[in-house]
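Heads up: the sequence shown begins at 66 in our numbering, then just goes up one per residue.
Where is the CB? At the ideal position from N, CA and C, for every residue including glycine.
No experiment lies behind these values; they were computed from the predicted model shown.
Only one structure is covered here, and it is reproduced in the block below.
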Amino acid sequence: MTFRRCFREMLTKNNWVIFVEDVVTTGESVRKTKKAVKTQTEAKILNENPFCIWDRNGGNPQSILQDKANAYDPDECPMCAAGEEIMEVK
Ligand SMILES: [Zn+2]
């Protein structure tokens, strides 16, 4: 992940970054963003663990809702292997 120059210029040593996510499943996007902030800007990070509405890993004490939800690769999913239909969430 590379920030555009305008973002790098906004994130000076006098700025704080707060990580907020709607849903965290693996945390990968937050990790990538945090690494980019640390390596490409001088901004300070307020929260190492993101604030989020729903942490599907169930491990973030700053989450509003903690509920374990397993994520599978399509070819390893036990529900797909059992022939269950995929429901679309609306
Ligand atoms: Zn499946």
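- Relative to ligand 1, Met144 has its C-beta within less than 6 Å of a heavy atom.
- Proximity to Leu76 across Asp138, Thr104 and Glu153 peaks at Thr104, based on C-alpha coordinates.
- Between Val88 and Arg121, the beta carbon gap of about 6 Å places them in contact (Cβ cut-off 8 Å).
- No Cβ-Cβ contact shorter than 7 Å links Thr98 with Ala136.
- Under a 10 Å Cβ-count criterion, Cys117 is classified as buried, with 16 or more other Cβ atoms of the shown protein chains found around its own Cβ.
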